[in-house]
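Protein sequences appear in the order of chains A and B. With our numbering applied, the first sequence corresponds to residues 1 to 130, in that order. With our numbering applied, the second sequence corresponds to residues 1001 to 1222, in that order. As structure tokens, the structure follows; a few thoughts come after it.
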Amino acid sequence: MTEEQTGSDDHDVAPGDDTDSGELGGGLTGYIVGLALAAGLTAASFFILKSSVIWQPAIPAALIALAIAQMGVHLVFFLHVTSGPDNTNNVLALAFGVLIVGLVLLGSMWIMAHLNHQLMPMGEMMKRMR
Amino acid sequence: MSAPSARPRDPYQLGHGHEHGHGHHAATGHGEGGPASKRITTAYGFWIFLLSDFVIFAGFFAAYAVLRDQTAGGPAIGGIVDPSRVAWQTALLLLSSFTAGLGSLAAARKNLLWSEIALLVTGLLGFGFLALEFAEFAKMIHEGAGPDRSAFLSSFFALVGCHGLHVSAGLLWLGTMMAQLWAKGFRADIERRLLCFNLFWHALDIIWVAIFTMVYLMGLVA
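See below:
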């Protein structure tokens, strides 16, 4: 019982644990760096909308890239998910979660886009039903 | 490997590994030693819950992506986005995530006063976020752009409102944690609850990143 409190598990990490070992994302500096990076990425997202830095048709792709980068920043600096050996369980669970999220999102969009493509337009269908 | 009695710390033979490395027999995350401490298993279990929550949100995101253009002659997404309000919401939520992190640092140092202050600031920032969202919803419903107007608006309210409900639940949890911390101090179980709360709050911020990108900013593009 006492062992549990004296940190016998400092080589076993759960998400949210403050590793505090000078690694990426430990301690106060980690939170400050995370905040600065996240704020910068957010500002960039809002900025590229209004400026012409990025070629117009590529803006959605740029927004998605910035959002994924910011989620990575949050995971590393706030949730303390790293690629270290003590994080294998957490990273594997995250990878499985991302797989399911990707399947649900991309799968739905793919299927519905094809359905829209195959179906006759609504007006036409109404006309033929009469 | 062959002497079970030589490992008194591992009565169930869960980690029948060899002795090397870190100089202690307890769980090391390498599959050696016994089950991890309660703090580790609690946080890991809550991590699994959060990932399942992400999957639920993926369903709402998919519904939104599919129904985005089904406006039934009603307002489209481009017409209802107020960029400055979204920027404020994002700033409030990001800052609240930061102060939640500061709170976890204070809690790790068993500093009651600063833990409570950090939690209070986190709550106020979260409340500001919710107030902005509530104002947006009220204005939209008042203008006849409520969830019953079109499939697009249904999916919009479902997705953004689901996140708002999560934030509301988080605020309730936050108030409870402040009271529990005040009444019971830094007990091991209270610390575990704080850890889970921080995970939950940071996860809400991650989902908001997806919402402001996919719903609001993309809405301004198209």
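Glycine included, every Cβ here is placed at the ideal spot set by N, Cα and C. All values derive from a computational prediction rather than experimental measurement.
Could you check which residue in the options has the C-alpha nearest to that of residue i?
i, options, result
"Ser-1155 of chain B", "B:Asp-1053, B:Ser-1052, B:Thr-1071", "B:Thr-1071"
"Ala-1118 of chain B", "B:Ala-1188, B:Asn-1198, B:Ala-1203, B:Gly-1074", "B:Asn-1198"
"Gly-1161 of chain B", "B:Val-1215, B:Trp-1088, B:Thr-1041", "B:Val-1215"
"Gln-1089 of chain B", "B:Arg-1109, B:Phe-1127, B:Leu-1174, B:Pro-1147", "B:Phe-1127"
"Ala-1076 of chain B", "B:Leu-1130, B:Arg-1109, B:Glu-1133, B:Ser-1150", "B:Ser-1150"
"Lys-1038 of chain B", "A:Asp-12, A:Leu-103, A:Thr-88", "A:Asp-12"
"Leu-75 of chain A", "A:Pro-121, A:Leu-103, A:Leu-119, A:Gly-30", "A:Gly-30"
"Ile-1056 of chain B", "A:Arg-130, A:Val-101, A:Ile-111, A:Gly-123", "A:Val-101"
"Leu-1165 of chain B", "B:Phe-1134, B:Asp-1148, B:Ser-1084", "B:Phe-1134"
One question on the structure: do residue i and residue j come within less than 8 Å of each other, judged by their Cβ atoms?
i, j, result
"Gly-97 of chain A", "Phe-1212 of chain B", "no"
"Leu-1051 of chain B", "Leu-94 of chain A", "yes"
"Ala-1043 of chain B", "Asp-17 of chain A", "yes"
"His-1202 of chain B", "Ser-1097 of chain B", "yes"
"Leu-37 of chain A", "Val-73 of chain A", "yes"
"Gly-1074 of chain B", "Leu-1159 of chain B", "no"
"Ala-1062 of chain B", "Leu-105 of chain A", "yes"
"His-117 of chain A", "Pro-15 of chain A", "no"
"Ala-70 of chain A", "Val-1209 of chain B", "It should be noted that the sequence gives Gln, not Ala, for residue 70 of chain A. It is a contact, given that the beta carbons lie within the stated cut-off."
"Lys-1110 of chain B", "Phe-1186 of chain B", "yes"
"Arg-1085 of chain B", "Glu-1136 of chain B", "yes"
Name the chain B residues whose beta carbon is nearer than 9 Å to that of residue i?
i, result
"Ile-64 of chain A", "Thr-1213, Met-1214, Met-1218"
So, for residue i: in the same chain, excluding its five sequence neighbours on each side, which residues have a beta-carbon less than 6 Å away from its beta-carbon?
i, result
"Gly-1045 of chain B", "none"
"Gly-1021 of chain B", "Reliability fails at Gly-1021 of chain B, whose pLDDT of 45 lies under 50, so the model's placement of it is uncertain and the value that follows must be treated cautiously. Hits under 6 Å: none found."
"Ala-1107 of chain B", "Ser-1115, Leu-1194"
"Gly-1103 of chain B", "Ser-1115, Ala-1118, Leu-1119"
"Met-1218 of chain B", "none"
"Leu-35 of chain A", "none"
"Tyr-1064 of chain B", "Ser-1155, Leu-1159"
"Gly-22 of chain A", "At Gly-22 of chain A, the pLDDT of 48 sits below 50, so the modelled position is not reliable and the matter cannot be decided from this model."
"Phe-78 of chain A", "Gly-34"
"Leu-1220 of chain B", "Val-1081"
For residue i, collect the residues of the same chain with a Cβ closer than 7 Å to its Cβ; drop the 5 residues on either side in sequence, then sort them by chain order.
i, result
"Leu-66 of chain A", "Leu-41, Ala-44, Ser-45"
"Ala-1145 of chain B", "Gly-1074, Pro-1075, Ile-1080, Leu-1153"
"Val-91 of chain A", "Val-81, Ser-83"
"Gly-1170 of chain B", "Gly-1126, Phe-1200, Trp-1201, Leu-1204"
Residues of chain B with CB closer than 7 Å to the CB of residue i, please, in chain order.
i, result
"Gln-118 of chain A", "Near Gln-118 of chain A there are no residues of chain B at all, since even the closest Cβ is about 15 Å away, more than 7 Å."
"Ser-45 of chain A", "Thr-1213, Leu-1217"
"Ala-39 of chain A", "Leu-1094"
So, for residue i: in the same chain, excluding its five sequence neighbours on each side, which residues have a beta-carbon less than 8 Å away from its beta-carbon?
i, result
"Arg-1193 of chain B", "Met-1177, Gln-1180"
"Phe-1129 of chain B", "Gln-1089, Leu-1092, Leu-1093, Ser-1096, Val-1167"
"Leu-1125 of chain B", "Leu-1092, Leu-1093, Leu-1095, Ser-1096, Thr-1099"
"Ala-1041 of chain B", "The displayed chain sequence assigns Thr, not Ala, to residue 1041 of chain B. Counting only Cβ-Cβ distances below 8 Å, and skipping sequence neighbours, we find Pro-1035."
"Trp-1047 of chain B", "Leu-1199"
"Ile-54 of chain A", "Ile-48, Ala-62"
Please compile the residues from chain B whose C-beta is within a distance smaller than 8 Å of the C-beta of residue i.
i, result
"Ile-54 of chain A", "None at all; the shortest Cβ gap to chain B is about 11 Å."
Are any of the Cβ atoms in chain E nearer than 8 Å to that of residue i?
i, result
"Leu-92 of chain A", "Looking for chain E here will not work: the only protein chains present are A and B."
So which residues of chain A does residue i contact, with C-beta pairs closer than 7 Å?
i, result
"Asn-1198 of chain B", "Gly-16"
Which residues in chain A sit within 8 Å of residue i, going by Cβ to Cβ distance?
i, result
"Thr-1071 of chain B", "Here the premise fails: no neighbours, minimum Cβ distance about 13 Å."
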